[in-house]
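Chemist:
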Amino acid sequence: MSITGNRGMGKTSLLMKMEEIARKNKCLVFRMSNYESLVNNISELTNYLILGLKNEFYADASVQKKVMRLGEWATTLRPVVSYKGASLSFEEKRLAAQTILRNNFLTFWKKVEGEYPAVVLLIDEAESLERIEGALSFLREVFQRLSHEAKYMVVLCGKLNFPERMSESFSPLNRFFPASPLTAFTEEETFSYISKTLKSVNVVTDDEVKKKIFEKSEGHPYVLVKVCNIIFNELEDTENKITAKHLEKARVRIIIDLGKDFFNPMLHPVSPKAKNIAFQLLKIGKRKFIFAEAVKSTNMKRQDVAPYIQELVRKGCLNKPERATYEFFHQLFIDFLKKRASEV
Ligand SMILES: Nc1ncnc2c1ncn2[C@@H]1O[C@H](COP(=O)(O)OP(=O)(O)O)[C@@H](O)[C@H]1O
Ligand SMILES: [Mg+2]
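Take this note's numbering: the last position of the sequence shown gets the number 348, and nothing is skipped along the way.
1. Label Arg144 either buried or exposed according to how many other C-beta atoms from any shown protein chain fall within 10 Å of its C-beta, with 16 as the threshold for buried.
2. Using 6 Å as the cut-off, classify the Cβ of Lys15 as near or not near the heavy atoms of ligand 2, replying yes or no.
3. Taking 8 Å as the limit between beta carbons, can you name the residues of its chain near Glu131, skipping five residues before and five after?
4. Any chance you could list the alpha helix (DSSP H) runs of at least 4 consecutive residues sitting entirely within the stretch 98 to 139, in chain order?
5. Counting only the same chain and skipping the five closest in sequence on each side, list residues whose C-beta sits under 7 Å from that of Met22.
6. What residue from Lys292, Ala345 and Tyr312 has the CA that sits closest to Asn323's CA?
7. Less than 7 Å separating the beta-carbons of Ala254 and Gly223?
8. Tell me which same chain residues have a C-beta within less than 8 Å of the C-beta of Ile294, skipping the five on either side of it?
9. Is it buried or exposed for Asp211, if we count other Cβ within 10 angstroms and need 16 for buried?
10. Using the beta-carbon count (16 or more within 10 Å), is Met36 buried or exposed?
11. Rounded to whole angstroms, how far is the Cβ of Arg106 from the Cβ of Leu150, which I believe are closer than 8 Å?
12. Looking at the unbroken beta strand (DSSP E) that takes in Arg35, where does it start and where does it end?
13. Three-state secondary structure (DSSP) at Phe283?
14. May I ask which residues mark the beginning and end of the alpha helix (DSSP H) holding Val309?
15. Do Leu341 and Leu286 have their C-beta atoms closer together than 7 Å?
16. How many angstroms separate the CA atom of Glu129 from the CA atom of Glu60?
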């Protein structure tokens, strides 16, 4: 499967929960994250997966106790050292890597199938694989063939584009990695999060405060947790009830801290031109707008605006809820942009 969602939506948290569940069920788990600089092409991806699985296997104490025939195991998973003949075409290299990965994983499974109910690969930040030509379809082909003979479970997780592209709705990639988009918490979920968390420290609050927090955070998990954290810190040692007073005291801090920890790091990788377009879009005066309004606000040609809008979508600043319609991802982000625009 694949899990998609904007920054701070809880993708990594969910993947960690999956890891916990899979381990509880005695699966062998390899969770991939922070590999972006190490994996730049398909053969590096192949090596990374093979070595990663090998490490996980050796790190698993329960197996180590049982299997001391290390020599035999050491040769089970073999990375691609190099292809004979460096002059292979892209397609040939890809096929070679496919065969190597599939054979390795198949042999590995045959050896461990008595030990584990399944091998689980959790791939975080998979948008960095999406940027490598053919990497996702490479994984699909490898695991599709393996699925008949071995039990591998693969979860791709990230700000993925493939499930959103209209033309790809019916593509094999979408069918093999059916996408589950993570959306914001509902009001009930937000209320329940606040109540549960406060209960653990014997603090109370009322529904009015909870409602304000929900409205402010829009149920965005990262924003919600941050907002709650700041409000909680406004409590004096002697107090055990959060009221509107604490909300008010926290107001400025919320803007400053979210800007520093969340919105600024998000805007930072955006190109100067796209950033400028983002500032222009504020002139529309609406959170949600259509492409024609975006064009008008920038005074540019349609075809010149489009790539920057796309960049803003790709980097999570804008959402695209439906065709030709865009939306700033959070109201507090609009406030942050306004402040930034006034400083320029
Ligand atoms: N189910 C959840 N319940 C409560 N808080 C959550 C939940 N999921 C995410 N969060 C909060 O949101 C923050 C960001 O989540 P994270 O998993 O890092 O998002 P992503 O990987 O999508 O950017 C977490 O550090 C946590 O504080
Ligand atoms: Mg993450």
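All C-beta atoms in this analysis are idealised placements derived from N, C-alpha and C, irrespective of residue type, glycine included.
Modeler: The short version:
1. buried
2. yes
3. Gly162, Lys163, Leu164 and Asn165
4. 131 to 134
5. Leu126 and Val159
6. Lys292
7. no
8. Ala328, Thr329 and Tyr330
9. exposed
10. buried
11. 6 Å
12. Leu32 to Met36
13. helix
14. Arg306 to Arg318
15. yes
16. 19 Å
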